[in-house]
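Asker: This is the structure, below, for whatever I ask next.
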Amino acid sequence: MSISTLHKGDDDDDDDNNNNNNILKYKDLTIEIQRMWNVKTKVISVITGATGTISKTFRIYVSNIPGNHEVKELQKTAILGTAHILRKVLM
Numbered sequence: 425m426s427i428s429t430l431h432k433g434d435d436d437d438d439d440d441n442n443n444n445n446n447i448l449k450y451k452d453l454t455i456e457i458q459r460m461w462n463v464k465t466k467v468i469s470v471i472t473g474a475t476g477t478i479s480k481t482f483r484i485y486v487s488n489i490p491g492n493h494e495v496k497e498l499q500k501t502a503i504l505g506t507a508h509i510l511r512k513v514l515m
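Converting from the sequence shown to the working numbering requires adding 424 to each position, the first position being numbered 1.
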């Protein structure tokens with residue numbers, strides 16, 4: 425089982441620090457899931473900006489998630505989500 429996080433911001437210099445913070449942030453949740461479901465868990469930090477920007481390590485982290493994931497599709501999803509929020513706020 426994997427837990428992915430969304431982090432708004434595209435500052436590549438702080439990627440390692442942000443990834444470590446995200447992993448620590450979800451440590452309690454991973455322990456709880458392991459105990460409840462008797463499964464192994466791993467936190468995978470996937471960082472996508474609100475405008476679809478991705479970090480330098482994005483492809484490495486996405487490759488750790490089982491299945492086929494197109495980077496363009498993930499970016500498109502982020503952009504469409506941002507557009508949806510803007511439409512709701514501006515209307």
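Note that CB positions come from ideal geometry on N, CA and C, so glycine has one too.
How close, in whole Å, do the beta carbons of residue 492 and residue 467 come, if the pair is a contact with beta carbons under 8 Å?
Answerer: Locating residue 492 in the sequence shown gives position 68, where the first residue counts as 1. Locating residue 467 in the sequence shown gives position 43, where the first residue counts as 1. With 8 Å as the limit, residue 492 and residue 467 do not qualify as a contact, their Cβ atoms being about 21 Å apart.
Asker: DSSP on residue 480, reduced to helix/strand/coil?
Answerer: The residue you call residue 480 lines up with position 56 of the sequence shown. Coil at residue 480, not helix or strand.
Asker: Would you give the residue range spanned by the alpha helix (DSSP H) that residue 495 belongs to?
Answerer: Sequence index remark: in the sequence shown, residue 495 carries index 71 (1-based). Residue 495 -> alpha helix (DSSP H) spans 495-514.
Asker: Can you list, in chain order, the residues of its chain with a C-beta nearer than 8 Å to that of residue 510? Leave out the 5 residues immediately preceding and following it.
Answerer: The sequence position of residue 510 within the sequence shown is 86, counting from 1. There are no such residues.
Asker: Opposite residue 472 in the DSSP bridges: which residues?
Answerer: As a first step, residue 472 is located in the sequence shown; it is residue number 48 there, counting from the start. Paired residues: 478.
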